[in-house]
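This report concerns only the one structure given below.
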Amino acid sequence: MVEIRSPSVRRGWSESVRARASEIVKQYPEPRSAVMPLLYLAMAEEGYLTDNGMREVAGAVGLTPAQVRAVASFYTMYKRENPGRYLISCCTSISCMLLGSDEVLRAIEDESDVTAGETDPAELISVEHVECIGACGGAPAVTVNYELIEGMTTEKARELVRWLRTARPEAIVGAECQELFGGRRSFDWGAFDRDSALGPYPAFGPLGTVSGPAGDQEG
Amino acid sequence: MTEPVTVTINRREVSAQPGEMLIKTAQDNGVYIPRFCWHPRMNPVGMCRMCLVEIETPRGPLMVTSCTTPVSDGMTVDTTNPSVKKAQEGVLEFLLINHPLDCPVCDRAGECPLQDQTMAYGPGESRFVEEKRHFEKPIPISELVMLDRERCILCARCTRFSEEISGDPLIEFQERGNYTEVNTFPDEPFRSYFSGNTVQICPVGALTATPYRFRARPWDLTFVVSTCQHCSSGDRINLQSSQNRLLRILGLDSEPTNQGWLSDKCRFGFEYVASPARLTSPMVRDEEGELREASWGEALDYAGGALGEVISRSGGRAVAGLGGARGTNEDAYAFSKFLRSAVGTNSVDCQMDDGLDPRLLSGIVDRARIADLEGAGSILVWGPDLKEEHPTLYLRVRRAAQELGAGLVVIHPRGTGLDDRASVKVTYQPGRGGEVLSELMDGNGRMAEAREVLSNGPVVALLGRPGYGESPDLAEATAAFVRSLPDATILPLARRGNVFGALDMGLSPALLPGRAQRGTLAAQMLADRWGELPAASGRDCRRILEGLESGDIEALVLVGADPVRDVPDGGLARRAFENAGLVVAIDQFLTDSSRMADVVFPAMGFSEVEGTVTNIEGRVLKVNRLTPGPGQSRPDWAILSDLAARLGVDLGLVSAQQISQEVEELADIYRSVNWERLDWEDRDGVVVGGDLGYVPVFSQVTSVSPRSGEMALHYARTMYDDGVMMRESPSLRPLAPGSAAHLHPSDAARLGVGEGDSVDVTSVSGSLQAGVVIDPTLEPGVVYVPFNQPDTPSLGSVLGVKVSR
Amino acid sequence: MSVRSIVTDRMTRHPSDSHTLDRYLGTGGYRALAKALEMPPDEVTGEVKAANLRGRGGAGFPCGVKWSFLAPAKPAYVVVNGDESEPGTFKDRQLMERDPHQMLEGTIITSYANGANHAFIYIRGEYPRSARRVQQAVEEAYAAGYLGSDILGSGYNLEVTVHLGAGAYICGEETGLLNSLEGRRGEPRLKPPYYPAAKGLYMQPTIVNNVETLANIPWIIENGGEAFAAIGPDGSRGTRLFSISGHVRRPGNYELVMGLTWRELIYDVAGGIPEDRALKCWIPGGASAPWFVPDDHLDLPVTLDDTAKAGSMLGSGAVVIMDETTCTVRATERLVRFFAHESCGQCTPCREGCSWLERILRRIEEGSGREVDVDMLLDISDNISPGLAWPPRMTTICPLGPSAVSPILAITSYFKDELMAHIHQGGCPFD
Ligand SMILES: Cc1cc2nc3c(=O)[nH]c(=O)nc-3n(C[C@H](O)[C@H](O)[C@H](O)COP(=O)(O)O)c2cc1C
Ligand code: SF4
Ligand code: SF4
Ligand code: FES
Ligand code: FES
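Chains as they are written, first to last, in my numbering: chain A, 209 to 427; chain B, 980 to 1784; chain C, 13 to 443.
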């Protein structure tokens, strides 16, 4: 007889998250379409994408958990292992590579003592290298919790890591980080916005993952 | 049929159905294009890219996958030119770079498409010097299936099957690109009733069946084609054995029946055949009241003598027969002839109180064929849960609703596997079926949509008894109504393997072989061959058991049946056996029933006897013999024939084939059946023509409600239960759900119980303890208890039960 | 020089608030929508056809023609492709962040022309700022009556949903995108039979257009298709946003009228190469495009057709410039790594072939290359892209797999000596 893993205890989503989830489901002609935003919602709820989160998503859209995991694991941004509070993603694709991204990544790894793909023991900082993030005109580029910083140098990269470690900002304000650590940009960003990212997932109003003016308006 | 088109394949013109995939056209014309992911019963995905061919286009030659390219008129195809060959070799090399070199320990070796195609199309030496992809070696993904991800070539056959065909997508692709793997969700095993199909269609040894792993090498196997007898669909199978031991069953792609698929019960539920608990010798109850082994002569003398005494004392009508639905038509015929001409009784029933009028089952006008589901405009399912009791039929209905666009109305007391495909699903409280039927007939309110769906003809209605709490008349009344729907045909649902064959052979009080009714001309003709037929009308199963209990019936002949576990009122059966004057049993095991017999004869069974069976639509199919019976076991017909001789009657039966001929001669409708042809030209079976012309009668079905303080019982079967075949098949035995009481959340709250707590369920005829399962698919006030679970007593054919903590 | 602003005009003139509704309205915004709503839908399509606007997402398919292929079944959908992930490309981000109403107006007009009542804007997950700006624009448009029911009193209704991707380049491929939007793995669908215009989102007729393509629509409606068709050379009408990156003095997005030469684009528009180093090669149209080299291609005109004739493509408009200090083996490894990482994994040749190529290249770059590896690289490539033809003859469902072959072709044909130097020296000569 084969030993089969027995189901583990389940924790459920709170009523308010359920309510937001059903709001999201209503945005689409078919519930299944809501899988991707709901996966972000699940990440925001627990800090990363847990088995529980995937089960909740499955329940909300009428799929099996295996189907939901099939979707989640296809995309790189659904982190199924607990990342740190700050996820530094360093682009090492072609244009950034041409302008020194490999050195930038090495500086980040060195300063944070975290190898790409890993998280520090304090669960503060995760480092990863990623493919092109659409900031090639401002190469080399990185994101922190998906907020972009263009025109990186090795020195600025080290400063960024030190700052995250010491200042421990509540949320990441992209424009502010760009001012502090960035350099040449792909294009003029225009108005300075104070939208900020609360965790290692994209900050987007309908997901409730933004703080700052836009997030507040969302309420 | 549309006009065929002409296609040129490798400079030869062939004709094809437009829309058909090139790979199929080529194959039908003798051109084999290598493939891994294409499967004729599933939608193409074009993933493996092995089937690349070149077609001519106005812009020059174009490389396409032949499994995703429909033929069109004038198409020119090359399947072998150098660039095609190079591409195919390239694909094969790509598949092999990460494939482990473990053919010597792989179950699939010897029948592996990857291995074969590497021989035929592959490159020689590997130029791959990098490290191969590694995964943990085989991991169990269910009790029955192991997965070796290193061997997987990502063809999506298994994932497609579970999504498109069986509708329980528990295995899926995970990760992406070069890291893609097939897997289950952590903690959610691949517990599908159909998981074995994925093992069968996996083109490599990535999915293997735990019961078969390392049991045999393909080249050591001998095989024979046969028909599965777990349910009444007549699924075609390939039996495989090594050294006289049945080792594996594969589904055969037979268009009218299973189309290649099997349930895991059909696939793995054969282990009982080789169980050490099989009876190997006759047994006789001795002075101490113990069953002890005896010789055939002694046992036959004993049984014949005792039966003879009853007959001469009280007449043949004091004897009754039960069973016969598990064997072949030939065995059933022998049983029928034995009871009617050697004993002189019409009291016989193969249906074990399942409750449907035999005339409705086998004699109804407008009887549907299974294949009618394919062209159906709409389908009504109101009967047993198809997934539990008619698994391959369930797949056909799913497909009709999912892929072929048939509307589907499902009426059932709880959630069923078809609900996600149903256009309308009606849930109701058992006992209220009559009300639901009137609502459906009126077509108002919640039934308006159902009637709308059912206005699309042709309508195929699958009707039976949803559970034992439901009135047996409901299906009949529904059938009468269904006849008013456009182009309606009806498939009556009865589950026992060969129940339709057994009814056709007369194992029912009012029926005689060939669906002849007593008192008709056909019956008269039968009497000319069989001699005088018993005059008194017979009793059905329930009344036989009551007669045994009361003493009106003195002796019982039991053929392959276990009433104590198998009739809804197990308590009645037990009392009947305890009070019976004489029980003669023919069986493969000592069951809870045959254990109480006075004489037991060891019977041969599945895979041990040759014969014919008749499926749900009246299709006669062949079963074949592959393994010897254990010990001194013999076929039912031979035992019955010898027993008749002890009663001084020569039944004139000499072999199964001879019996089959006798049936052909006697029973008009079986005239088209030819024993020899069934193995060859007629391997997909022959539908025995005609019907009784039985017109279902509409009668008002009164709705009943449980008494106050009671809950309505939905008492229905599950695929895996405590039947002796399941109990003696070690791989399946642990899969029976066990005793459970499914409660609507509101009832659970009222009782103050939660998932996993234990409750007592008590009826007038029995009581059991069961774990609570919260089941929101039920109506409030209904408790669902799975029938015949290990170590659980029977609740009987009742509606109301008390549920308490 | 051939600079002309259609889609970047507003953001250039009003850098601080070009993304707001106020500024948009103040600079003529939503006038085109009002005009379009007065026209019968097929007349709108007619203007776009007359404009000869070709898709800016990569394939360059004529936009109006695509619309006219839409199957009649209802509901129909419009999906905006804002998944921009081709390495070197960052133009759609600018359009979404700096002028979201412009592309939204284009989306509304497109939806109207195609009889769709629900449009989806699919934005790559790594672009949260774009998503926020577009979402804000959508909310403003709802509030102002440009979205929702009875738009501008026309009786036309439209809902718009902004959908965030989650890190998968293949979702830029339109059928992969539709699967993703349906909540599935972003695996491209079989074409045939799943052409979006016939069987797209939820198997309904669907128009998928790139952000930049749609950003051009308001101008075309306002000024007429003919005015648009009067700009630029035949086959490459209108302007085009080029994302220039790599070894240039002034990287960035440039809206240009096509027809200039590559020399002009690199040296005049992008300011040439820092420290006046020598140009080694460039990628003319995103990571999937075969490379160009100065000797053969510097004076070719930058048009869709000329680039195609020379064996490459303008693709997504991404130009990546590499100077003499570039190790082309490493550049190739980086590009092939990208395709291996982004392969959806359906097709055997792409799933297995790309990562095999990547591993061989990494081995060569790290100094363990063998001479046989060079032929192997080519032969493996040939098994992914038979005959190594351009445009590729595919063995795969979508063009991603064959795209990985482009850089391999470049190094084996133009820079074989560099490859051999790696192999013979047992390491990278540029380190
Ligand atoms: C691998 C692959 C990636 C693609 N990525 C994008 C993309 O990121 N953005 C985009 O607009 N089109 C992309 N496309 C092209 C789309 O499939 C599609 O042609 C385009 O969205 C149509 O819009 P257009 O006609 O307006 O250009 C990609 C195509 C392929 C094969
Ligand atoms: S496990 Fe078998 S059937 Fe499933 S994808 Fe892999 S090779 Fe195909
Ligand atoms: S070519 Fe690659 S990315 Fe495209 S469908 Fe095939 S496997 Fe997926
Ligand atoms: S290559 Fe780094 S952002 Fe594009
Ligand atoms: S058989 Fe055609 S692609 Fe797999």
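All residues carry an ideal CB built from backbone N, CA and C; glycine is no exception.
So residue i and residue j are supposed to be a Cβ contact under 8 Å. How far apart are they, rounded?
i	j	result
B:GLY1362	B:PRO1445	6 Å
A:SER394	A:LEU406	The Cβ separation is near 25 Å, so there is no contact.
C:PRO245	C:THR315	5 Å
B:VAL1137	B:ILE1150	Before going on, a small fix: residue 1137 of chain B reads as Cys here, not Val. Going by Cβ atoms, the distance from B:CYS1137 to B:ILE1150 rounds to 6 Å, so yes, they are a contact pair.
B:CYS1520	B:ASP1332	4 Å
B:GLY1323	B:GLY1294	7 Å
B:GLY1493	B:ILE1648	6 Å
B:GLY1248	B:MET1583	Between B:MET1583 and B:GLY1248 the Cβ distance is about 17 Å, and since that is not below 8 Å, they are no contact.
C:ALA131	C:VAL92	7 Å
Short of 8 Å in beta carbon distance, which residues of its chain neighbour residue i, apart from the five on each side in sequence? Order them along the chain.
i	result
A:GLU311	THR362
B:SER1221	ARG1194, ALA1195, ASP1199, LEU1200 and THR1201
B:PRO983	SER994, ALA995, GLN996 and PRO997
C:VAL146	GLY94, MET108, PRO112, MET115, LEU116, ILE133, ILE135 and VAL174
C:TRP231	ILE18, VAL19, ALA44 and PHE240
C:GLY137	LEU176, GLY177, ALA178 and GLY179
Given residue i, which residues of its chain have a CB within under 7 Å of its CB, disregarding the five upstream and five downstream residues?
i	result
C:THR122	VAL90, ILE219, ASN221, LEU226 and ILE229
B:LEU1335	GLY1443, ARG1444, PRO1451, ALA1454, PRO1471 and ALA1473
A:ALA330	none
C:GLU238	ALA62
B:ALA1459	PRO1675, VAL1676 and PHE1677
B:ASP1701	ARG1544, ALA1715, ASN1767, GLN1768 and PRO1769
B:ARG1154	Just to set this straight, residue 1154 of chain B is Glu in the shown sequence, not Arg. Excluding positions up to five away in sequence, the list reads GLU1160.
Is residue i close to chain D, meaning its C-beta is less than 7 Å from at least one C-beta of that chain?
i	result
B:GLU1528	Of the protein chains in this structure, namely A, B and C, none is chain D.
Using a Cβ-Cβ cutoff of less than 6 Å, which residues in the same chain neighbour residue i once the five nearest sequence positions on both sides are dropped?
i	result
B:SER1725	PRO1759
C:SER445	Lying before the first or after the last residue shown, residue 445 of chain C is absent from chain C, which here runs from 13 to 443.
B:ARG1787	The requested residue 1787 of chain B does not occur in the structure, where chain B is confined to residues 980 to 1784.
Original post:
Closer than 6 Å from C-beta to any heavy atom of ligand 5: which residues, in chain order?
Top reply: After applying the 6 Å Cβ criterion, the set is B:ARG1014, B:PHE1015, B:CYS1016, B:TRP1017, B:GLY1025, B:MET1026, B:CYS1027, B:ARG1028, B:MET1029, B:CYS1030, B:THR1044 and B:CYS1046.
Original post:
What are the complete beta strand (DSSP E) segments, minimum 3 residues, inside the stretch 1145-1192 of chain B?
Top reply: Whole beta strand (DSSP E) segments, 3+ residues: 1150-1153, 1160-1163 and 1186-1188.
Original post:
Of all the residues that make up the stretch 276-308 of chain A, which are near chain B by a beta-carbon distance shorter than 7 Å?
Top reply: Contacts with chain B (Cβ-Cβ distance below 7 Å) from the stretch 276-308 of chain A involve ARG277, ALA278, SER281 and PHE282, listed in chain order.
**OP:** Jot down the residue ranges of each uninterrupted beta strand (DSSP E) in the stretch 1043-1102 of chain B, minimum 3 residues, whole runs only, in chain order.
**Re:** Within the stretch 1043-1102 of chain B, the complete beta strand (DSSP E) segments at least 3 residues long are 1055-1057, listed from N- to C-terminus.
Subject >> Residues within the stretch 163-187 of chain C neighbouring chain A, beta-carbon criterion of under 8 Å >> reply: Hits within the stretch, in order: THR173, VAL174, HIS175, LEU176, GLY177, ALA178, GLY179, ALA180 and TYR181.
**OP:** For the stretch 59-117 of chain C, list the alpha helix (DSSP H) runs that are entirely contained and at least 4 residues long, ordered along the chain.
**Re:** The qualifying runs are 75-80 and 103-110.
Subject >> Proximal residues, the stretch 996-1026 of chain B versus chain A, C-beta separation under 9 Å >> reply: The residues in question: there are none.
Original post:
For the stretch 994-1045 of chain B, which segments carrying the beta strand (DSSP E) assignment without a break, of at least 3 residues, lie completely within its bounds, in sequence order?
Top reply: Listed in chain order, the complete beta strand (DSSP E) runs (minimum 3 residues) inside the stretch 994-1045 of chain B are 1031-1036 and 1039-1044.
Original post:
What residues in the stretch 1149-1169 of chain B have a beta carbon less than 7 Å from any beta carbon of chain A?
Top reply: Within the stretch 1149-1169 of chain B, the residues whose Cβ lies closer than 7 Å to some Cβ of chain A are LEU1149, ILE1150, GLU1151, PHE1152, GLN1153, GLU1154, ARG1155, THR1163, PHE1164, PRO1165, ASP1166, GLU1167 and PRO1168, listed in chain order.
Subject >> Members of the stretch 317-335 of chain A near chain C, C-beta cut-off 8 Å >> reply: So nothing in the stretch comes that close.
Original post:
Which residues, taken in chain order from the stretch 349-369 of chain C, show a beta carbon closer than 8 Å to some beta carbon of chain B?
Top reply: Look at the stretch 349-369 of chain C: the residues with a C-beta under 8 Å from a C-beta of chain B are ALA352, HIS353, GLU354, SER355, CYS356, GLY357, GLN358, CYS359, THR360, PRO361, ARG363, GLU364, GLY365, CYS366, SER367 and TRP368.
Original post:
When Cβ atoms are compared, which residues of the stretch 121-144 of chain C fall closer than 8 Å to chain A?
Top reply: Cβ contacts with chain A come from HIS130, ARG136, GLY137, GLU138, TYR139, PRO140, ARG141, ALA143 and ARG144.
Original post:
Relative to chain C, which residues along the stretch 340-366 of chain A have a C-beta separation below 8 Å, given in chain order?
Top reply: When C-beta distances to chain C are compared with 8 Å, the residues of the stretch 340-366 of chain A below that value are CYS340, ILE341, GLY342, ALA343, CYS344, GLY345, GLY346, ALA347, THR351, TYR354, GLU355 and LEU356, in chain order.
Original post:
Of all the beta strand (DSSP E) runs that stay within the bounds of the stretch 1432-1482 of chain B, which reach a length of 3 or more residues?
Top reply: Look at the stretch 1432-1482 of chain B and you find these whole runs of beta strand (DSSP E), each 3 residues long or longer: 1438-1442 and 1468-1471.
Original post:
Can you list, in chain order, the residues of the stretch 84-99 of chain C whose Cβ is nearer than 7 Å to any Cβ on chain A?
Top reply: Listed by position along the chain: GLU96, SER97 and PRO99.
**OP:** Please list the segments of the alpha helix (DSSP H) lying wholly inside the stretch 1179-1253 of chain B, counting only runs of 4 or more residues, in order along the chain.
**Re:** Listed in chain order, they are 1243-1247.
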